[in-house]
Every structure is written in C-alpha cells, then in structure tokens.
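In what follows, a structure is listed as structure tokens, so that the remarks can point back to it.
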Amino acid sequence: MKIGILELMSAGATKNLLHTAYSNIVTKQYASIMPQAISVWCRNLGHEVFYASYFGSHDPKKLLPENLDIVFISTYTQASALAYALAKLYRKEKTLTVLGGPHAKQFSEDCLRFFDIVVGDCDETLIKEILSDKPKNVFLTSGRPLKNIPGVEERMPEIRSSTFLKGRAYPFTTVPMITSIGCPNSCDFCIDWNNPYTLLPLDQLEADMRYVFQHFPRVMVGLHDPNFAVKFEQVFDVLEKIPGRKRLSYTMESSLSVLNSKRLERLKAMGNFYIIPGVESWTAYSNKVGAGSSLSPRKKLDKVIEQFNNIRPYVTGIQANFMFGLDVDTGDEPIELTKEFASRVPFVMPNFNIPVPFGHTPLSERYLSENRILTSMPFTFYYMPYLAFVLKNYTTAAYYEKLIDLFSHISSGKMLLTRLKSAPYFFPAGYNLVKTLGNRNMIRSLSEILNLLNTDAQFRAFHEHETDVLPEFYHNRYDELLGPYASLLSREERKPVFDKPQKVVNPNILAPVLV
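Shown next as structure tokens:
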C-alpha cells in the first residue's frame with residue numbers, strides 16, 4: 002500500500018516570515034518518536050511509505066504525495082483543528098485516515114467526527130492489525146505496555162527528514178531518543194498521570210548511543226522521556242559504557258528529587274545537560290522536588306532555590322516549569338513568590354503555563370463535574386494564553402492582570418541582561434534570548450485578552466460562564482490560524498465533543514517518586 006505519515010508540530014497554516022524562521026530553527030527539533038516508529042514499522046512490512054513533519058513551513062497537505070491508501074496523522078491538541086481540516090481533504094480522496102498522538106488519547110470522541118480510526122496506546126502489533134483490517138469509525142488501543150521501539154539507526158531516514166537541514170546535521174540539530182515511558186508521579190493535570198513508569202530495553206539505548214557518538218558527535222540528544230532517569234543507576238551504567246565517547250549535549254525532563262549530588266557528578270561527566278524540571282506550584286506537587294506536602298510555600302521556595310544552586314555547576318542550563326491558576330492558587334502569593342524565584346536564581350529560565358483540562362485526567366473530570374469547563378471553546382485554544390475553564394479564586398480579568406505582571410518581571414531588560422551573563426554556553430544564552438522575546442510577545446497577547454475582558458461584555462460573560470456563545474474573537478483567531486484551511490470547518494464543527502465522563506480516581510497525586 003501507499004502510506005503517508007504526517008506529524009503536525011505547528012498549529013497554524015498561515016505563514017509569516019518570523020514564524021517561518023523560528024519554525025525552521027526551533028520547532029522542527031521537537032519531532033516525536035512514535036510517528037517515526039510507525040513509518041519504520043510500515044516500511045518493514047514492505048509498504049511504500051512517505052514520512053513528513055509539519056513545523057509551520059510549506060503547505061502541510063503537499064508534504065505527502067497524492068493517492069495515498071492510508072494516512073497516519075499525529076497531533077497534539079493545539080494543532081487539532083488543522084488535523085481535522087486535513088482529514089476532511091483526505092476522506093474526499095477516499096484515503097483511510099488514522100489519528101494518533103496526545104490529542105487522540107485525550108479527546109477520542111471529538112476526533113472520530115473527522116477520522117476513520119483514532120488510536121490511543123500504540124505498538125507494532127496494533128499497526129499491523131490496522132493495515133490488515135482497515136476498520137472504520139473506531140477508537141483502538143493496544144492495551145499493552147510498549148516493549149520496544151525502533152532505534153536511531155532504523156529511524157535515521159525520518160530523523161534526517163525532520164530535524165536535519167536538507168538531510169544534514171547543523172548546530173541546532175536534535176536526535177530524538179527515549180529510554181522510558183510513563184511517570185512514577187501522578188499529577189492530576191498530566192496526561193501521563195496513570196501511565197505506569199516502564200524502562201525500555203537498555204540494549205537499545207546502548208546501540209542508539211553508540212550510533213550517535215559514531216556518526217553525529219556534535220548533535221544534541223533530545224531525551225523524550227516524560228521523566229528521564231528515574232532508574233538513574235541502570236540508565237547511566239549503560240551510557241557510561243560507550244568507549245571513547247565525545248561530549249554531547251542533551252535536553253531532558255526530570256524531577257528534582259532524582260538529582261542528588263552523586264548523580265549530578267555522573268551527569269556532568271556524561272556531557273552537557275540542559276534540564277527541564279517541573280516545579281509547577283508553590284503549594285502542590287511537592288513530591289516532584291523531594292519536599293513534603295506539609296512544607297509551606299515560602300519554605301518550598303527556599304528549598305527549590307537551594308536545589309537549583311546545587312545543580313547549577315553540573316549542567317549547562319535549566320528551565321523550570323510552572324503553572325498558575327490552579328485551585329490551590331489564591332491572592333498575590335503565587336505571583337510574588339515566583340517573581341522572587343526568578344530574581345534569586347536568574348540562571349534558571351522560568352516557563353509558565355495556564356492549566357489545561359486535557360481529557361481523561363483527574364483535573365478535567367473534576368472541572369467537568371463542577372461545570373467549570375467552557376464547553377464551547379475549540380480544543381485548538383487549549384494552550385497559553387487562552388483560558389478554557391472558570392477559575393476558582395480569581396476573576397478572569399484579575400487573573401490576566403497577574404499574568405501580565407509576572408511576564409513583565411521575568412522578561413524585563415534587567416532580567417534578560419542578568420540571565421545572559423549567567424549563561425555559560427551559547428545554547429542556553431541563545432535560548433534565554435529567544436524565550437524572553439517570546440515572553441514579551443505573550444504580554445501583548447495577554448493584554449489584548451485583558452482589554453476585551455474590560456471592554457466587551459459578551460467576551461467577559463463567556464469567560465465567566467454566563468453564556469456558551471463563542472466570542473467572535475475566537476472565531477477570527479481560528480480563521481487566522483488555519484488560513485486557507487479555515488473554510489473546511491464550519492462554526493458548528495468547531496464546538497468540541499467531550500468524551501463520556503469516566504470515574505477518575507487519583508489517590509497518589511502527592512505520592513513519593515520511586516527510585
């Protein structure tokens with residue numbers, strides 16, 4: 002069969018020069034492993050396979066040839082509108098459409114309006130069954146833990162196509178790798194909250210590292226684990242076996258609780274690590290930083306700052322992830338503590354997110370049961386700077402005022418200068434500059450929404466859940482985002498369909514990390 006695999010890494014189909022430049026340098030480096038694995042599995046079965054990643058350049062439909070028998074599309078929720086539009090076009094051409102990726106698992110019923118097959122958990126056996134049976138109007142999931150995945154060498158054609166530039170590595174090139182799936186934490190907002198931690202075969206990790214060291218000694222290795230090196234000793238015993246290795250650069254998401262002093266020494270000896278731990282909140286999720294749940298917000302701040310100061314000599318850079326707008330957030334304290342954090346550890350780049358009620362998480366089930374989700378908000382707006390639910394302790398306008406205050410502090414000229422001086426290497430310095438410019442652009446977006454809240458009664462009523470009528474602002478943004486594809490989705494089709502409620506139990510939100 003003639004099979005296409007398309008990963009959507011950009012939500013929009015409208016081109017502009019700045020977006021195109023950023024996409025060609027940064028966005029393309031986030032190519033996922035599973036679409037590449039599906040490409041390998043289909044190729045090994047003897048099919049004619051075409052793989053492409055869409056990162057905001059070109060026309061996504063033209064990245065694959067015409068007259069496909071089957072097309073696999075992978076997307077996250079922000080790009081779901083573009084995925085739906087493309088599915089409509091492929092269905093007109095009698096191509097069997099399959100959707101995978103995070104959005105497919107979170108909102109399968111909505112996806113089935115547009116796709117023939119929607120896939121949750123996936124493995125090679127499930128792909129074989131899809132290609133053999135070609136079912137329609139079904140949600141499929143393997144029901145099995147993923148045991149193995151094609152290595153770097155097998156995925157090399159896909160990696161060259163996605164993260165390389167004209168098939169060659171360049172200074173920003175990232176090779177995606179993964180050593181584990183799932184997470185031992187069970188944060189109520191996370192799509193991996195009930196996905197058990199599983200270490201993938203270590204012999205594949207060794208083979209991947211040997212291949213990268215031998216063929217691409219200057220690329221960056223992007224470790225895609227939801228929580229890297231939970232089994233730290235086992236993983237690093239393998240990494241350290243590579244003979245004559247040159248120093249590579251790595252990016253990894255990890256919990257602070259994993260990084261003790263002995264492990265940091267091994268981390269530094271292995272290479273240049275840019276780490277991305279989640280702090281999330283000064284009031285909740287304290288297990289991720291190795292703190293007890295009884296710790297006060299002020300004491301947690303001091304503990305986290307101490308941890309980052311201890312970690313700093315061993316890594317090339319740090320980004321700390323935060324959320325603001327949780328039910329535990331109240332008053333000025335969350336903002337003031339985070340501003341103090343940014344000032345006291347300027348070498349850490351803070352990254353902020355609005356909580357998102359992704360499907361089948363305890364957070365979304367609770368918000369649905371409390372009638373707090375804005376059910377007319379298209380899923381494609383489930384990301385910063387948009388708010389898809391009603392806050393517990395802030396009016397919407399007050400919330401955006403506090404976000405603007407926070408972003409203004411962390412992206413000031415003084416903070417940028419201090420941060421650049423504290424960055425020891427080109428990559429973190431360059432990233433800090435790009436991130437700051439992005440934060441300043443975010444302030445403009447937040448200010449636009451705040452102005453509408455203060456001047457547009459219907460817009461304010463929508464966000465206070467007094468009406469379900471989607472404001473024209475969002476319809477216009479939707480049209481701008483999809484550009485030439487906007488006409489494919491009617492206003493009625495933009496209203497999301499939620500999966501049937503499920504009883505979601507999450508007793509271990511603050512459970513200790515397993516090591």
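In this note's numbering, the protein residues as written are 2 to 516. Every residue gets a Cβ at the ideal spot worked out from N, C-alpha and C, and that includes glycine. A quick note: this is a predicted structure, and the numbers were derived from the prediction, not measured.
A direct Cα-Cα distance of roughly 40 Å separates S262 from A80. The alpha-carbon separation between F233 and Y85 amounts to approximately 40 Å.
Across the set P347, L453 and T28, the C-alpha of P347 shows the shortest separation from the C-alpha of G414. For L471, same chain residues with a beta-carbon under 6 Å away, outside a window of 5 residues either side, are S377 in chain order. Measuring C-alpha to C-alpha distances from P379 to each of S40, K29 and A82 identifies A82 as the nearest. For I71, no alpha helix (DSSP H) run applies; the uninterrupted beta strand (DSSP E) run containing it begins and ends at I71 to T76, by DSSP. Looking from the CA of P177, the closest CA among M221, I276, P202 and H466 belongs to M221. With respect to A398, L454 sits close: the two C-beta atoms are nearer than 8 Å. The residue from F474, R420 and T126 with its alpha-carbon nearest to that of R345 is R420.
Checking the DSSP bridge columns, you'll see V119 partnered with L100 and F140.
According to the DSSP assignment, M324 belongs to the beta strand (DSSP E) that extends over G318 to M324. If you look at I6, you'll find it in the beta strand (DSSP E) that goes K3 to L9. For I312, no beta strand (DSSP E) encloses it; the enclosing alpha helix (DSSP H) starts and ends at P298 to I312. Distance from the CA atom of V305 to the CA atom of L64, rounded to whole angstroms, is 45 Å.
The three-state secondary structure of S448, taken from DSSP, is helix.
Its Cα nearest to that of E341, the residue L407 stands out among R264, L100 and L407. Distances from the alpha-carbon of V239 to those of L201, N354 and T456 put L201 closest. Beta-bridge pairing by DSSP links T252 to G223 and Y275. CA-to-CA, the gap between S250 and R495 works out to about 42 Å.
Pairing D189 with L364 gives a Cβ-Cβ distance under 8 Å. Non-local beta-carbon contacts of G272 in its own chain, meaning distances under 7 Å to residues more than five positions away in sequence, involve R248, L249, S250 and Y251 in chain order. If you ignore the 5 residues before and after E154, its C-beta comes within less than 7 Å of the C-beta of Y212, all in its own chain and listed in chain order. CA-CA distance, R219 to L392, rounds to 46 Å.
Comparing C-alpha distances from D134 to each of V99, D122 and I150 shows the shortest one belongs to V99.
Our two residues, T362 and G326, have alpha carbons roughly 17 Å apart in a direct line.
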